[in-house]
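> Let me give you the structure first, and then I'll get to my questions.
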Amino acid sequence: GAVVSQHPSRVICKSGTSVKIECRSLDFQATTMFWYRQFPKKSLMLMATSNEGSKATYEQGVEKDKFLINHASLTLSTLTVTSAHPEDSSFYICSALFPLAKNIQYFGAGTRLSVL
Amino acid sequence: AQSVTQLDSQVPVFEEAPVELRCNYSSSVSVYLFWYVQYPNQGLQLLLKYLSGSTLVKGINGFEAEFNKSQTSFHLRKPSVHISDTAEYFCAVSVSGTASKLTFGTGTRLQVTL
Numbered sequence: 004g005a006v007v008s009q010h011p012s013r014v015i016c017k018s019g020t021s022v023k024i025e026c027r028s029l030d031f032q033a034t035t036m037f038w039y040r041q042f043p044k045k046s047l048m049l050m051a052t053s054n055e056g057s058k059a060t061y062e063q064g065v066e067k068d069k070f071l072i073n074h075a076s077l078t079l080s081t082l083t084v085t086s087a088h089p090e091d092s093s094f095y096i097c098s099a100l101f102p103l104a105k106n107i108q109y110f111g112a113g114t115r116l117s118v119l
Numbered sequence: 005a006q007s008v009t010q011l012d013s014q015v016p017v018f019e020e021a022p023v024e025l026r027c028n029y030s031s032s033v034s035v036y037l038f039w040y041v042q043y044p045n046q047g048l049q050l051l052l053k054y055l056s057g058s059t060l061v062k063g064i065n066g067f068e069a070e071f072n073k074s075q076t077s078f079h080l081r082k083p084s085v086h087i088s089d090t091a092e093y094f095c096a097v098s099v100s101g102t103a104s105k106l107t108f109g110t111g112t113r114l115q116v117t118l
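Sequence order for the protein chains is D and Z.
With positions in the first sequence counted from 1, the corresponding number in this note's numbering is that position plus 3.
With positions in the second sequence counted from 1, the corresponding number in this note's numbering is that position plus 4.
Structure follows, in structure tokens:
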């Protein structure tokens, strides 16, 4: 079964609103989680690394004020897309580092965001 | 910095035929290598990984890959594919010895037909 749960799987929102996406590690504690963005027929682009109890580390070119990441517990990281615009429409995927095998990332099922 | 090249964006193959999906990487340091599979509108599932040891790695669903350091390659193979193997396949690399981020290739679409 899935070891990482991502919710919601799909969300449609109006331009200007904010959307929160949750990523939960199931049955294990993940001090490090990652957020990716995937454009149609493209590879995954790492947006940020989320560390429990500290600020996220954003990749170059990713607006930290637009994509707010919170990793308040060892099993939950959230990504909030603030003031969403149509160009933010994409497939967002999270992953968690499995503590017993630190080089292995387990991925959530992804969230399809559509901004109207 | 590391980079991954998947030269084939699409690979069509008939069911029960063998397949090879190519992956080449570039890095100035030692790396770990991974293959992930993505089914439509889903996240990524780990197929197999190379961390160290034997260069021939076996994964789930009958897939295997061979790490070739001299050719900086990590090609994925399956001797006989099924319709259900139709998916997007991503090769990825991370710096060895650390819990570091993954760098992905652009993906290869494997299309299996009857």
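Even glycine gets a Cβ: it sits at the ideal position worked out from N, Cα and C.
Within its chain, find whatever has a CB closer than 8 angstroms to the CB of D/Pro-102; leave out the 5 residues flanking it on each side and keep chain order.
Excluding sequence neighbours, D/Pro-102 sits near Phe-31, Gln-32, Ala-33 and Thr-34.
> Going by the DSSP bridge assignment, what does Z/Glu-70 pair with across the sheet?
Answer is Z/Leu-60 and Z/His-79, bridged to Z/Glu-70.
> Closest to D/Ala-75 by CA distance: which of D/Phe-37, D/Asp-91 and D/Asn-54 is it?
Ranking the options by Cα distance to D/Ala-75, first place goes to D/Asn-54.
> So Z/Asn-28 is in the beta strand (DSSP E); what residue range does that whole segment cover?
Per DSSP, Z/Asn-28 belongs to the beta strand (DSSP E) from 28–30.
> Strictly by DSSP, which residues pair up with Z/Tyr-93?
Answer is Z/Val-41 and Z/Thr-112.
> Among all the DSSP beta bridges, which residues are the ones paired with D/Val-22?
Its beta-bridge partners are D/Val-84.
> Closest to Z/Ser-32 by C-alpha separation, out of Z/Leu-50, Z/Tyr-43, Z/Val-17 and Z/Thr-76, would be which residue?
Ranking the options by Cα distance to Z/Ser-32, first place goes to Z/Thr-76.
> Give me the residue from Z/His-86, Z/Thr-9 and Z/Tyr-54 with the minimum Cα distance to D/Lys-45.
Selected option, being the one with the closest Cα: Z/Thr-9.
> Less than 8 angstroms between the CB atoms is what I'm expecting for Z/Glu-20 and Z/Ser-84, so what's the real figure, rounded?
That belief holds up - the Cβ atoms of Z/Glu-20 and Z/Ser-84 are roughly 5 angstroms apart, short of 8 angstroms.
> Are the Cβ atoms of D/Ala-99 and D/Val-7 separated by less than 8 angstroms?
Closer than 8 angstroms, so yes.
> Quick check on D/Ile-96: does DSSP put it in helix, strand or coil?
Reduced to three states, the DSSP call for D/Ile-96 is strand.
> What do you reckon, are the CB atoms on D/Val-84 and D/Ser-21 nearer than 8 angstroms?
Going by C-beta atoms, D/Val-84 is nearer than 8 angstroms to D/Ser-21.
> Output needed for Z/Thr-90: all residues of its chain with C-beta closer than 8 angstroms, excluding positions within five of it in sequence on either side, in chain order.
Once the five neighbours on either side are set aside, the close Cβ partners of Z/Thr-90 are Leu-114, Gln-115 and Val-116.
> Give the straight-line distance between the Cα atoms of D/Leu-116 and D/Pro-43, rounded to the nearest whole angstrom.
Those two C-alpha atoms are separated by around 12 angstroms.
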